[in-house]
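Colleague:
In the working numbering, the protein residues as written are 177 to 421.
1. If distances are taken between C-alpha atoms only, which option among 285, 268, 282, 264 comes closest to residue 275?
2. Write down every uninterrupted run of the alpha helix (DSSP H) in the region 362 to 402 whose length is 4 residues or greater and which is fully enclosed by it, in chain order.
3. With a 10 Å radius around its C-beta and 16 neighbouring C-beta atoms as the bar for buried, classify residue 434 as buried or exposed.
4. Applying the 10 Å Cβ sphere with the 16-neighbour rule, what's the burial state of residue 290?
5. Given this structure, state the Cα-to-Cα distance separating residue 181 from residue 339, to the nearest angstrom.
6. Would you list the one or two residues that DSSP bridges to residue 245?
7. What does a CB cutoff of less than 8 Å around residue 179 pick up in its chain, not counting 5 residues either side in sequence?
8. What three-state label does DSSP hand residue 252 in the structure shown?
9. Pop quiz: residue 393 and residue 248 are said to be a contact at Cβ under 8 Å. What is the actual Cβ separation, rounded to whole angstroms?
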């Protein structure tokens, strides 16, 4: 195979595909393909990238129907036998232009899920005399550790069937973040956060199809975090605020 037949989404939500022929090379990533198109064939192509080594997640796109980091996706693993490659922006998000999706709704839902740390001592403006100590072997710490490596690339959000059906759904990344904070002994907004994730657009809307977990490039388990929120809300509703399990 000497040439890749690359179909690239151009324009906004109501755009369409443009076809480019790109030389096939050894150890070529999908981001290499996009960069070749922008540098050699069409300088007007819009897309995002930064680190190129799988640390920032900004190069995420839909590759042959599946959300992926393009810098870590080798062409040989995803291209069809005829050399066909289809590239779209991330699903479930507005399109700014071409392969660049607008992540504002994604991060707005982090805010709605109370996905920001609020220290217990911050309410009265006091500065604590000592740093809070979190026991590394505690169950809550282990639960939080499982989800704190999320870098907000939105691959899970673009892969989520529930987000596609229900635009109000908070989504796996926001709920995963909420779960890490629910388990953070230093945080002082646990009640408000559980209220935020308990509504119709919260954790109970998850159908547990596990697409988010299957496709997370960081091997995080948002499905497990969402299940943890469901359990916590159940026990707190049953026992009036006392968490069990």
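The C-beta atom is built at its ideal place from N, Cα and C for all residues, glycine as well. Only a predicted model underlies this, so the values are computations on that prediction, with no experimental measurement involved.
Modeller: To lay it out plainly:
1. Selected option, being the one with the closest Cα: 264.
2. For the region 362 to 402, whole alpha helix (DSSP H) runs of length 4 or above, ordered along the chain, are 366 to 372, 387 to 391.
3. Residue 434 lies beyond the residue range present for the chain, which begins at 177 and ends at 421; the question has no answer from this structure.
4. Around the beta-carbon of residue 290, 16 or more other beta-carbon atoms lie within 10 Å, marking it buried.
5. Those two C-alpha atoms are separated by around 31 Å.
6. Note: residue 245 sits in a beta bridge opposite 236.
7. Answer for residue 179: 197, 198, 199, 200, 259, listed in chain order.
8. When secondary structure is reduced to three states using DSSP, residue 252 falls in the helix class.
9. Contact annotation, residue 393 with residue 248: C-beta distance approximately 7 Å; criterion of less than 8 Å satisfied.
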